[in-house]
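Residue numbers (my numbering): 11 to 235. We treat Cβ as the ideally placed atom computed from N, Cα and C, and that holds for glycine. These numbers were taken from a predicted model, which means no experiment stands behind them.
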Amino acid sequence: MPPSPGPLVLLHGFGSTFDHNWVQTGWVDILADAHCNVPVIDLPGHGSSDRSTDPAAYGSVEEDVASVLPESTSAVGFSAGAQILLRIAVAHPQRFDRLVLLGVGDNVFEVSDNSSLVEALESGAEPENVQARVFTRLAASTGNDSLALAAYLRRTPPRLAPEDLAVVTCPVLVVLGQEDFVPSSDRLVEALPSATQVSIPGVDHFATPSDFGVIDATMRFLGLG
Numbered sequence: 011m012p013p014s015p016g017p018l019v020l021l022h023g024f025g026s027t028f029d030h031n032w033v034q035t036g037w038v039d040i041l042a043d044a045h046c047n048v049p050v051i052d053l054p055g056h057g058s059s060d061r062s063t064d065p066a067a068y069g070s071v072e073e074d075v076a077s078v079l080p081e082s083t084s085a086v087g088f089s090a091g092a093q094i095l096l097r098i099a100v101a102h103p104q105r106f107d108r109l110v111l112l113g114v115g116d117n118v119f120e121v122s123d124n125s126s127l128v129e130a131l132e133s134g135a136e137p138e139n140v141q142a143r144v145f146t147r148l149a150a151s152t153g154n155d156s157l158a159l160a161a162y163l164r165r166t167p168p169r170l171a172p173e174d175l176a177v178v179t180c181p182v183l184v185v186l187g188q189e190d191f192v193p194s195s196d197r198l199v200e201a202l203p204s205a206t207q208v209s210i211p212g213v214d215h216f217a218t219p220s221d222f223g224v225i226d227a228t229m230r231f232l233g234l235g
C-alpha cells in the first residue's frame with residue numbers, strides 16, 4: 011500500500027474564505043478521497059480568523075500564516091493566497107515540498123493600487139471599477155467584514171523582485187486562466203528555478219478555483235490524480 015500523502019495547505023484569495031474557495035468548490039472532498047489531510051486556514055481578517063479593523067494588525071501577514079502551517083508541506087494558493095505562499099517560500103525556502111500558484115502571474119512583482127476597493131469597502135458604496143465591484147460583492151456574499159478587509163488591504167506587503175525567487179527551488183506549478191485579468195505569468199515562471207505553467211482556456215480569475223481543469227492539473231502535479 012502506498013504511503014498516505016502528507017498535509018496539504020490550501021490558501022484562499024482576498025475577500026473569500028476557506029469554505030468558499032475550497033469546500034464549496036469540491037477541493038476538500040476530492041483531497042479527502044486521496045487521503046490528504048487539509049487543515050482549515052482562513053487568511054487574517056477573513057472567515058474564522060480575527061477580523062481586526064486596525065491596519066496595524068496586518069503588518070506581519072506572511073509570518074502569521076507561516077506560524078500555523080505544518081513544518082513540511084505542499085501548498086496550493088489562489089490569488090492573494092498564492093502571493094502569500096510565494097513570499098513565505100522566499101523567506102523560508104525549505105518550508106514547502108511543492109507549490110501550486112493559481113490566478114497569479116507577473117503581477118507578483120507589481121504594487122497594486124487598491125484605493126478604489128478600500129474606499130468601497132469602507133464606505134459601502136458600489137465602486138465604478140468592475141474588478142473592485144466583484145471583490146466587494148464577493149466579500150459580502152462570503153460573510154466577511156468589509157472594514158476588516160479594508161484594513162487588510164492597507165498593509166504594505168513585502169515587495170518581490172524576480173531575483174528573490176532564485177531561492178524557491180521546490181517544484182512550482184503556475185496555473186492561469188486565459189481570461190484572467192492577470193495577462194501573463196512568463197516572468198514569474200522564468201524567475202522560479204523549477205516551475206512549469208498551465209494555461210486554462212476560457213477561465214477568468216474568479217472561476218479559477220472551481221474549474222475542473224485547474225483542479226485536475228493541480229492533482230496531477232501533486233501526484234494525487
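Quick one: what's residue i bridged to in DSSP?
{"i": "Leu18", "result": "Ser84"}
{"i": "Ile210", "result": "Gly187"}
{"i": "Leu111", "result": "Gly87, Val184"}
{"i": "Ala205", "result": "Val182"}
Cβ of residue i within 8 angstroms of Cβ of residue j?
{"i": "Ala160", "j": "Leu131", "result": "yes"}
{"i": "Thr218", "j": "Phe88", "result": "yes"}
{"i": "Val128", "j": "Leu20", "result": "no"}
{"i": "Pro167", "j": "Arg97", "result": "yes"}
{"i": "Val199", "j": "Val184", "result": "yes"}
{"i": "Leu112", "j": "Val192", "result": "no"}
{"i": "Leu109", "j": "Val182", "result": "yes"}
{"i": "Gly235", "j": "Asp226", "result": "yes"}
{"i": "Ser59", "j": "Thr152", "result": "no"}
{"i": "Ser194", "j": "Asp116", "result": "yes"}
{"i": "Ala90", "j": "Gly23", "result": "yes"}
{"i": "Thr63", "j": "Ala149", "result": "no"}
{"i": "Thr83", "j": "Asp52", "result": "no"}
Helix, strand or coil: which one does DSSP assign to residue i?
{"i": "Gly223", "result": "helix"}
{"i": "Val78", "result": "coil"}
{"i": "Phe106", "result": "strand"}
{"i": "Ala135", "result": "coil"}
{"i": "Ala217", "result": "coil"}
{"i": "Gln141", "result": "helix"}
{"i": "Gln93", "result": "helix"}
{"i": "Thr228", "result": "helix"}
{"i": "Leu41", "result": "helix"}
{"i": "Asp64", "result": "coil"}
{"i": "Arg169", "result": "coil"}
{"i": "Arg197", "result": "helix"}
{"i": "His30", "result": "helix"}
{"i": "Ile51", "result": "coil"}
{"i": "Ser125", "result": "helix"}
{"i": "Leu157", "result": "helix"}
{"i": "Leu234", "result": "coil"}
{"i": "Arg164", "result": "coil"}
{"i": "Glu120", "result": "coil"}
{"i": "Ser59", "result": "coil"}
{"i": "Val192", "result": "coil"}
Shorter than 7 angstroms, the distance from the beta carbon of residue i to the closest heavy atom of the ligand NAP, or not?
{"i": "Val33", "result": "Only the bare structure without any ligand can be found here, which leaves the ligand NAP out of the picture."}
In angstroms with no decimal places, state the Cα-to-Cα distance between residue i and residue j.
{"i": "Val118", "j": "His215", "result": "15 angstroms"}
{"i": "Leu163", "j": "Leu79", "result": "22 angstroms"}
{"i": "Leu65", "j": "Pro17", "result": "Note that residue 65 is Pro in the sequence shown, not Leu. C-alpha separation (whole angstroms): 31 angstroms."}
{"i": "Ala101", "j": "Pro54", "result": "19 angstroms"}
{"i": "Arg197", "j": "Leu170", "result": "12 angstroms"}
{"i": "Arg147", "j": "Arg61", "result": "18 angstroms"}
{"i": "Thr7", "j": "Arg230", "result": "Here the chain covers residues 11 to 235 and nothing more, so residue 7 does not appear."}
{"i": "Ser156", "j": "Gln93", "result": "21 angstroms"}
{"i": "Asp39", "j": "Pro103", "result": "29 angstroms"}
{"i": "Ala99", "j": "Ala76", "result": "9 angstroms"}
{"i": "Glu120", "j": "Val208", "result": "21 angstroms"}
{"i": "Gln188", "j": "Ser126", "result": "25 angstroms"}
{"i": "Gly233", "j": "Ala42", "result": "14 angstroms"}
{"i": "Pro13", "j": "Arg143", "result": "Here Pro13 scores only 44 on pLDDT, less than 50, and its place in the model is too uncertain to base an answer on."}
So does the segment 28-47 actually touch the segment 63-73, counting three or more Cβ pairs closer than 8 angstroms?
Fewer than three Cβ pairs drawn from the segment 28-47 and the segment 63-73 lie within less than 8 angstroms of each other, which leaves the two stretches out of contact.
Three CB pairs or more closer than 8 angstroms across the segment 133-140 and the segment 31-42:
As far as the Cβ criterion goes, the segment 133-140 does not touch the segment 31-42, which means the pair count is below three.
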